[in-house]
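Just so we're aligned: the sequence shown equals residues 1 to 617 in the UniProt record's numbering.
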Amino acid sequence: MTNVNDQQPSAARSDWEARIARRSDEERLRPGPELPPPAGLTVEEGVGHVRLSWQPVNGAVGYLVHRAPLVDGTPDGEFTPVDHLGGDVLAVPDTWYVDTTGEPGRQYAYAVASVPEVTLTGALGQPVPAAARPVGAEPPTVSLRVDAAADGAALHRPWRPMIGSERLSQLLCRDTSGGREIGAELLAALRRVRDEISVEAVRAHAILHDDLGVYREVDGRPVHDFRRVDEVYDLLLSVGLRPVVEIGFMPRELASDPERTVFGYRGVISPPRDWDRWADLVRALVAHLLDRYGEQVLGWDFEVWNEANLEVFWSGSREEWMRLYDVTARAVKDVDPRIPVGGPSSAAAGWVDALLEHVATSGAPVDFISTHTYGSPPLDLRPTLARLGVPDARILWTEWGATPTHFHPVNDGASAAAFLLTGMRSAAGRVDALSYWVASDHFEELGRPPRLLHGGFGLITVGGIAKPRYHALWMLAQLGDTELAVSAEGDGAAGLVQSWASRRDDGSLAILVWNSTLDQSKRDGDPALARRVRLTVDGAAGRSTMVTRLDRHHGDITALAQRLGLGDWPTDEQWTALRAVDTLAAEKVQPTTEGDACVIELALPQPGVVLVEVPAS
Numbered sequence: 001m002t003n004v005n006d007q008q009p010s011a012a013r014s015d016w017e018a019r020i021a022r023r024s025d026e027e028r029l030r031p032g033p034e035l036p037p038p039a040g041l042t043v044e045e046g047v048g049h050v051r052l053s054w055q056p057v058n059g060a061v062g063y064l065v066h067r068a069p070l071v072d073g074t075p076d077g078e079f080t081p082v083d084h085l086g087g088d089v090l091a092v093p094d095t096w097y098v099d100t101t102g103e104p105g106r107q108y109a110y111a112v113a114s115v116p117e118v119t120l121t122g123a124l125g126q127p128v129p130a131a132a133r134p135v136g137a138e139p140p141t142v143s144l145r146v147d148a149a150a151d152g153a154a155l156h157r158p159w160r161p162m163i164g165s166e167r168l169s170q171l172l173c174r175d176t177s178g179g180r181e182i183g184a185e186l187l188a189a190l191r192r193v194r195d196e197i198s199v200e201a202v203r204a205h206a207i208l209h210d211d212l213g214v215y216r217e218v219d220g221r222p223v224h225d226f227r228r229v230d231e232v233y234d235l236l237l238s239v240g241l242r243p244v245v246e247i248g249f250m251p252r253e254l255a256s257d258p259e260r261t262v263f264g265y266r267g268v269i270s271p272p273r274d275w276d277r278w279a280d281l282v283r284a285l286v287a288h289l290l291d292r293y294g295e296q297v298l299g300w301d302f303e304v305w306n307e308a309n310l311e312v313f314w315s316g317s318r319e320e321w322m323r324l325y326d327v328t329a330r331a332v333k334d335v336d337p338r339i340p341v342g343g344p345s346s347a348a349a350g351w352v353d354a355l356l357e358h359v360a361t362s363g364a365p366v367d368f369i370s371t372h373t374y375g376s377p378p379l380d381l382r383p384t385l386a387r388l389g390v391p392d393a394r395i396l397w398t399e400w401g402a403t404p405t406h407f408h409p410v411n412d413g414a415s416a417a418a419f420l421l422t423g424m425r426s427a428a429g430r431v432d433a434l435s436y437w438v439a440s441d442h443f444e445e446l447g448r449p450p451r452l453l454h455g456g457f458g459l460i461t462v463g464g465i466a467k468p469r470y471h472a473l474w475m476l477a478q479l480g481d482t483e484l485a486v487s488a489e490g491d492g493a494a495g496l497v498q499s500w501a502s503r504r505d506d507g508s509l510a511i512l513v514w515n516s517t518l519d520q521s522k523r524d525g526d527p528a529l530a531r532r533v534r535l536t537v538d539g540a541a542g543r544s545t546m547v548t549r550l551d552r553h554h555g556d557i558t559a560l561a562q563r564l565g566l567g568d569w570p571t572d573e574q575w576t577a578l579r580a581v582d583t584l585a586a587e588k589v590q591p592t593t594e595g596d597a598c599v600i601e602l603a604l605p606q607p608g609v610v611l612v613e614v615p616a617s
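If you want it as structure tokens, here you go:
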């Protein structure tokens, strides 16, 4: 297959960069809630960082940390949000925050505001002074303790339900990128996330784009053709994955303004010129899928459009998009009311309130809320759903990642892996899916990859080599079904250094420990943030352990590429050498014994991750 790619990559990129920051209508339909600032703000001053914590506020979806320099005990200037360079929503959902952006030894005043909805920020609370401590001779120690015999609770796995992908028409592409066949490698990447990480579904754009030929008009009459949709869905199902059906973009012959497009492949972003024909197309697609694939389609999620709250993705008004939602959701339900449908599939957690306020009047169905953010853990939308009367709707973050920016170096290295663990840990138990964007670097929204390590969104490179973010997901997949509590003490505990402990069905333990900051200025590491970890496992005396490391010296393709002197694309010999980081190596470590406990001592750089596996007794 030859791609529909008649907009040059450089032109597509310039167009994207000019329009991506322009938000569509964000005017509220009704006043938002006014929330008080969180009470009980406390700070812990540590080497290289300050950890803040506060009490939760009922109704808050997140909290925004502000800071001002202190001069002679008085804030010097206005309080501004702490910018950890995520490039998107800076608010965080948890009741703690680690700031590594300040100058060690310099005093700052910190204050926190509640966020009731992503476009609203409440009043600041009472400020508290703090300063990060400068680095000492030795890294501080964080002590962690786990009881191997504790009852525990069910471990939630928000990474399993869904992952993102380039548009699925690329599965049919026989062109090459970096000398590698695009369709074959994209399918191999999707098969790998299914086989090794147990991902269940794939979300991708553009199932109604003209490169799949779903719609044309002959003598003024609509003609529907889903044969190429069948081809890509057959391939997806053949590797054990199901699709999340994102309904878009607009077929050119149905568009009211076919010249309004996005990306190098020119996805049409305009409303339909004929709403009845759009509804007929949606009904025909859903009926065809149900007829071809049977009742499994009742478990597929149908999502309306993508990020219409950005002008770059929707040329109509918000009112027109709400009409699109109503017409599309009803058309899906016309085929079978059991099929789940939802939205707004928005950027930066926008339009969630607006959609729910709208359907309360229009009566359109909404089975799940979907939205996107980057650079921070996903916000907690449960208060929003409760406030707007849909507490049982599922919450799907159908895009999430370290950065929303194409070609960003953070995507390729180990810091994004630790970030991924932080976000998944935060989201567990409060979202139904946290879908990382995307599986493979065979991704060409703004043009095909110009080099192997180009800051691509993919978890897996062109050539099929795992990046650190993929390894982080693989490490998560090693966790058992029972989550165990971890007690943590020391400089950096339960903030800079995080953990996730579990017991498997056979009685063995899998414990993840990582050192991470949201601060992307530290993406290449900061020695001041390194820590020693002392992990004590009660009830495990005499057991040997296996330790798997992920950091700049273990599993990081960027560090290996630098040592190899890699150019834009590897030589044959370099391809072979790079495969050394495609899998992580475990090492046997003999713990010390203290009573009935085993004790493992670890050095943990920033960024750094360790997976400790303790066999059953």
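Using N, Cα and C, we set each Cβ at its ideal position, and we do this for glycine too.
C-alpha distance - A91 paired with L64, whole-angstrom precision: If I take the Cα positions, the gap works out to 4 angstroms.
Inter-stretch contact at 8 angstroms, needing at least 3 Cβ pairs: the stretch 350–370 / the stretch 503–519: Short answer: they don't touch.
F368 - DSSP class collapsed to helix/strand/coil: Three-state result, F368: strand.
CB-CB length for K522 against S415, believed under 8 angstroms: Confirmed, Cβ separation roughly 7 angstroms.
Nearest to L70 (by Cα), restricted to the options A109, P56, P104, R338: Nearest C-alpha to L70 among A109, P56, P104, R338: A109.
Assumed close pair P222, Y215 - CB separation to whole angstroms, cut-off 8 angstroms: That pair is a contact at about 7 angstroms.
Supposed close pair E185, A130 - CB separation, criterion 8 angstroms: No, E185 and A130 are not in contact; Cβ-Cβ is about 48 angstroms, not under 8 angstroms.
Selection from L420, W437, R242 that minimises the alpha carbon distance to V513: By alpha-carbon distance to V513, the top candidate from L420, W437, R242 is L420.
CB contact flag (T371, W397, <8 angstroms): Yes, they are a contact pair.
C-beta atoms of L535 and I557 nearer than 8 angstroms: No. Outside cutoff.
Whole-angstrom C-beta distance between I163 and A439, which should lie under 8 angstroms: Contact flag correct, Cβ pair sits at about 5 angstroms.
Residue-level contact to chain B via CB, D481, 8 angstroms cutoff: The displayed structure is made up of one protein chain only, and chain B is not part of it.
Closest Cα partner of W305 within the set L459, G343, Y265: Closest by alpha carbon: G343.
Beta strand (DSSP E) runs contained entirely in the stretch 39–121, provided each spans 3 or more residues: Taken in chain order, the whole beta strand (DSSP E) runs of length 3 or more contained in the stretch 39–121 are 42–46, 49–53, 62–71, 96–99, 108–115.
7 angstroms Cβ shell around P468 - same chain, five flanking residues per side excluded: Excluding residues within five positions, the ones whose Cβ falls inside 7 angstroms are G413, A414, A416, A417, L550, G555, D556.
Sequence ranges, alpha helix (DSSP H) only - wholly within the stretch 542–580, length at least 4: Fully enclosed alpha helix (DSSP H) runs of no fewer than 4 residues occupy 557–564, 572–578 of the stretch 542–580, in order along the chain.
Continuous beta strand (DSSP E) assignments of at least 3 residues falling wholly in the stretch 323–384: With a minimum length of 3 residues, the continuous beta strand (DSSP E) runs that stay inside the stretch 323–384 are 341–346, 368–374.
Endpoints, the beta strand (DSSP E) within which I465 is located: For I465, there is no enclosing beta strand (DSSP E), as DSSP marks it with neither H nor E.
Three-state secondary structure (DSSP) of N306: In the three-state reduction of the DSSP assignment, N306 falls in the coil class.
From V359, W321, W400, residue whose alpha carbon lies closest to that of A349: Taking only the C-alpha atoms, the option nearest A349 is W400.
N-terminal and C-terminal residue of the beta strand (DSSP E) that D276 is part of: DSSP places D276 in no beta strand (DSSP E) but in the uninterrupted alpha helix (DSSP H) bounded by 275–293.
Cβ contact check for the stretch 88–108 and the stretch 374–388: 3 or more pairs under 8 angstroms: Short answer: they touch.
Coarse secondary structure for V4, derived from DSSP in three states: At V4 the pLDDT is 34, less than 50, meaning the model places this residue with poor confidence and gives no usable figure here.
Beta-carbon proximity check, L41 vs A60, cutoff 8 angstroms: No. Outside cutoff.
Alpha-carbon to alpha-carbon, V533 and V599: Their Cα atoms are separated by approximately 10 angstroms.
Run of the beta strand (DSSP E) containing E601, from where it starts to where it stops: Element bounds for E601: 597–604.
Whole-Å CB distance - S499 paired with A488, under 8 angstroms assumed: The beta-carbon separation of S499 and A488, rounded to 7 angstroms, stays under the 8 angstroms limit for a contact.
Distance CB(V609)-CB(A472) smaller than 8 angstroms: Yes. Within cutoff.
Nearest-angstrom Cα separation, counted from E196 out to P605: Approximately 26 angstroms between the Cα atoms of the pair.
Residue span of the alpha helix (DSSP H) that contains T422, given as start and end: 414–427 is the span of the alpha helix (DSSP H), which, as asked, contains T422.
A603 classed as buried or exposed, judged by whether at least 16 other C-beta atoms fall within 10 angstroms: It is exposed - the Cβ of A603 has fewer than 16 other Cβ atoms within 10 Å.
At least 3 beta-carbon pairs within less than 8 angstroms: the stretch 558–572 vs the stretch 127–142: Judged by Cβ distances under 8 angstroms, the stretch 558–572 makes no contact with the stretch 127–142, as fewer than three pairs qualify.
Unbroken alpha helix (DSSP H) run spanning Y233, endpoints: From DSSP, the alpha helix (DSSP H) with Y233 extends over 227–238.
Burial state of D336 (16 or more Cβ within 10 Å): D336 is exposed by the Cβ-count criterion.
Contact check, Q55 vs T95, beta carbons under 8 angstroms: Taking 8 angstroms as the Cβ cut-off, Q55 and T95 qualify as a contacting pair.
Coil, strand or helix - P272 by DSSP: DSSP, reduced to helix, strand and coil, places P272 within a strand of the structure shown.
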